[in-house]
Amino acid sequence: MYIRGDHAELVVGGRLDVRSAADARTALHSAVDDGVGDLVLDLSELDSWDATGLGVIMGAHRRAGRCGRRLVLRRVPPQMQRLLVATRLHRILAIEGGIGVESLPRV
């Protein structure tokens, strides 16, 4: 897993899972704490995430809200879009362009 960028936009790549959760949490919290306005997470290079990784994203979302910021997901891969829909988190998280639920392939 890697995260690159600044306090306004981060690119998250690789696997966001239980092994990378602590590093990801630290990087996301630092970005939230050090910036203002929207924090954009570009997920186009993310290969996969598990429940722990999704929890890291939700924790960053809550922290951003407490800091008066908004966490925005950009370029969410289709398999992760399906997970967000299945967990109904697409209703809570800000997703650039939204998710076309009807266009997602069924699993």
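Quick note on numbering: the numbering used here labels position 62 of the sequence shown as 63, and the sequence is numbered without any gaps.
Cβ atoms here follow ideal geometry from the backbone N, Cα and C, with glycine treated the same way.
Out of the options, state which residue places its alpha-carbon closest to the alpha-carbon of residue i.
{"i": "Ser-31", "options": "Asp-51, Ala-9 and Leu-55", "result": "Ala-9"}
{"i": "Gln-82", "options": "Ala-28, Asp-51, Val-33 and Val-37", "result": "Asp-51"}
{"i": "Val-12", "options": "Tyr-3, Val-37, Gly-60 and Asp-18", "result": "Tyr-3"}
{"i": "Arg-20", "options": "Leu-55, Gly-36 and Arg-89", "result": "Leu-55"}
{"i": "Asp-35", "options": "Ala-22, Gly-6 and Asp-43", "result": "Gly-6"}
{"i": "Gly-69", "options": "Thr-88, Val-33 and Thr-27", "result": "Val-33"}
{"i": "Ala-22", "options": "Thr-53, Leu-44 and Val-41", "result": "Thr-53"}
{"i": "Ser-45", "options": "Ile-96, Leu-90, Leu-84 and Pro-78", "result": "Pro-78"}
{"i": "Arg-63", "options": "Leu-29, Asp-18 and Leu-17", "result": "Leu-29"}
{"i": "Ile-96", "options": "Arg-67, Leu-42 and Thr-88", "result": "Leu-42"}
{"i": "Arg-76", "options": "Val-37, Asp-18, Gly-38 and Ile-100", "result": "Ile-100"}
{"i": "Gln-80", "options": "Gly-38, Ser-49 and Val-37", "result": "Ser-49"}
Just verifying my parser: in three-state terms, what is the DSSP assignment at residue i?
{"i": "Leu-74", "result": "strand"}
{"i": "Leu-84", "result": "helix"}
{"i": "Ile-100", "result": "coil"}
{"i": "Val-37", "result": "coil"}
{"i": "Arg-16", "result": "strand"}
{"i": "Leu-94", "result": "coil"}
{"i": "Arg-89", "result": "coil"}
Compute the minimum distance between the beta carbon of residue i and the heavy atoms of the ligand GDP, and state whether it is under 8 Å.
{"i": "Ser-49", "result": "The ligand GDP is absent from the structure shown, which contains no ligands of any kind."}
So, using beta-carbon positions, are residue i and residue j closer together than 9 Å?
{"i": "Gly-15", "j": "Leu-47", "result": "yes"}
{"i": "Arg-26", "j": "Gly-60", "result": "yes"}
{"i": "Ile-58", "j": "Leu-74", "result": "yes"}
For residue i, write down the residues that DSSP places opposite it in a beta bridge.
{"i": "Gly-6", "result": "Leu-11"}
{"i": "Ser-49", "result": "Arg-16"}
{"i": "Asp-43", "result": "Val-12 and Arg-75"}
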